[in-house]
Amino acid sequence: MQYRTIVSSTLAFSALAAAAVAFTAARRPPAVERVDFGNTITATQPAYDARVAPVSDPSIKEFIIPITHDTIEIAKGVKYEGWTFGGTVPGPVIRVREGDRVRITTVNKSPMPHSIDFHAARIPANIAYRMINAGDSISFEFTATDPGAYMVHCGTPPVTMHIMQGMYFTIIVDPKDGWGAKADKEFVLVQSEFYAKKDSATGAVTPDWQAAMAKTASHVVFNGRAGQYKDTPLKVDVGDRVRLFVVNAGPSFRSDFHVVGAVFDRVYPDGNPDNYLEKVQTYTIPAGGGAVFETVFEKNASGEGLYPFVTHSFADAEKGAVGTIQVGTPKQHTTMSH
Ligand SMILES: [Cu+2]
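FYI, the numbering for the sequence shown is 20 to 357, going by my numbering.
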């Protein structure tokens, strides 16, 4: 009898404990992740680190983004006084999941006014994207309702100048149920152009406003530096499914994105899985747009080897918008026509 009492009271206690756990779980506030891009800085040597980590679990994500004026390298050995988000051009990648609450704090540590404009947000622009004076900061939040690969940029007039100086980065909004297929490797590529001229007296490389208005770029680049992934290829293994998040920051050129030696199994215009194209050779991303590209480097087809990626608007590729995907460890590294 006593034994039965103990058992039944133990059972009763267990049921209570389970209910308490369930209650606590239901009441527990959602986990918050906080990233300060003043401390977490993207590596840019030997090349801008194009790899992107998978999206994390917390459904509330906070990002602190400093605006700085910093020396950047727009081509090998060409230093340039850029304007940045997070100290690099492009700025850091933000990755969230559809439905996440995204909290942004932007701190202007530069000596002049700037702003921040998220293409992924549905938010009153006059409030969230207003001017942030030197030394000030702005905070706003939004729910990431639309999956995709989006541009973020400074929208302070003249916008052309603020973008050509380097003020842009990518926000990836993963679909709630993930992408159709699991990728083995994921990379982000931001195309943009610079309008730079060299002062013959001082040797300094400075912005060329007339060239920007005439759309005669000095450099067209992926991830902020001309040709960097020719020297430091994006590396994948044979058989890998590769997903590329490509954003075109402009300010003024389009990107006709193509991988030489590959066909895209899928392209998601704007990165929305509801919109997909199959078996695509080249896909145009407008200035201010994005797209997600997937292909597989399979054995016996597009296996081990080197695969250049370009904008197929080739005058722009000549100015630096070209790189290489290295699949496996190919024997010949040198002779390639692209
Ligand atoms: Cu700006």
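Cβ coordinates follow ideal geometry from the N, Cα and C atoms, glycine included.
For residue i, the three-state DSSP class (helix, strand or coil)
i: Ala233; result: helix
i: Tyr248; result: helix
i: Gly342; result: strand
i: Ala41; result: Per-residue confidence for Ala41 stands at a pLDDT of 49, beneath the threshold of 50, marking its modelled position as unreliable; the derived number appears in the next sentence. Here Ala41 sits in helix by DSSP.
i: Pro49; result: coil
Proximity of residue i and residue j at Cβ, strictly below 8 Å
i: Tyr326; j: Ala281; result: yes
i: Phe159; j: Val171; result: no
i: Asp289; j: Glu297; result: no
i: Ile60; j: His133; result: no
i: Phe6; j: Ala69; result: No answer is possible for residue 6: it lies beyond the span of the chain, which begins at 20 and ends at 357.
i: Met150; j: Thr175; result: yes
i: Ala340; j: Val265; result: no
i: Leu19; j: Asn242; result: Nothing about residue 19 can be read from this structure; the chain reaches only from 20 to 357.
i: Arg244; j: Ala94; result: yes
i: Phe333; j: Val257; result: no
i: Ser78; j: Arg120; result: yes
i: Glu438; j: Ala200; result: No answer is possible for residue 438: the residues shown for the chain start at 20 and end at 357.
i: His88; j: Ser129; result: yes
i: Pro166; j: Asp193; result: yes
i: Ile91; j: Thr125; result: no
i: Asp259; j: Lys338; result: no
i: His138; j: Gly269; result: no
i: Ile191; j: Val255; result: no
Start-to-end residues for the alpha helix (DSSP H) that takes in residue i
i: His181; result: Val178 to Met183
i: Phe333; result: Phe333 to Glu337
i: Asn145; result: Ala144 to Ala147
Through-space distance from residue j to residue i, alpha-carbon basis
i: Thr162; j: Asn127; result: 24 Å
i: Leu253; j: Asn267; result: 19 Å
i: Arg114; j: Ile142; result: 19 Å
i: Ala202; j: Arg262; result: 6 Å
i: Pro349; j: Ala223; result: 40 Å
i: Ala230; j: His277; result: 27 Å
i: Gly197; j: Pro292; result: 9 Å
i: Gln64; j: Lys195; result: 34 Å
i: Glu52; j: Pro73; result: 14 Å
i: Asp155; j: Tyr295; result: 42 Å
i: Tyr302; j: Phe272; result: 14 Å
i: Ile123; j: Pro49; result: 17 Å
i: Thr251; j: Asp218; result: 30 Å
i: Thr103; j: Asn319; result: 43 Å
i: Asp275; j: Asn58; result: 35 Å
i: Lys80; j: Asn145; result: 23 Å
i: Ile157; j: Gly309; result: 26 Å
i: Ala62; j: Ala220; result: 32 Å
Nearest-angstrom beta carbon gap, residue j and residue i [assumed within contact, 8 Å]
i: Ala168; j: Val329; result: The pair is not a contact, with the Cβ atoms about 19 Å apart (cut-off 8 Å).
i: Gly409; j: Gln210; result: As displayed, the chain neither begins before 20 nor continues past 357, which places residue 409 out of reach and without an answer.
i: Ala358; j: Pro226; result: Because the chain spans 20 through 357 in this model, residue 358 falls outside it and cannot be assessed.
i: Phe82; j: Val54; result: 5 Å
i: Val299; j: Gly322; result: Not confirmed; about 20 Å, so no contact.
Span of the beta strand (DSSP E), counted from its first residue to its last, around residue i
i: Ile79; result: Ile79 to Ala94
i: Ala14; result: The shown model of the chain, from 20 to 357, leaves out residue 14, and the question about it has no answer.
i: Ile304; result: Thr301 to Ile304
i: Thr348; result: Careful: Thr348 lies outside any beta strand (DSSP E) and carries neither H nor E.
i: Val195; result: According to the sequence displayed, residue 195 carries Lys and not Val. Premise fails: Lys195 is in no beta strand (DSSP E) and is neither H nor E.
i: Val257; result: Taken as a continuous stretch (DSSP letters only), Val257 belongs to no beta strand (DSSP E), as it is neither H nor E.
i: His133; result: Looking at the DSSP string, His133 is not in any beta strand (DSSP E), and its letter there is neither H nor E.
i: Val112; result: No beta strand (DSSP E) contains Val112, which DSSP labels as neither H nor E.
i: Asn127; result: Arg120 to Asn127
C-beta neighbour in chain C for residue i, strict 8 Å
i: Gly199; result: Of the protein chains in this structure there is only one, and it is not chain C.
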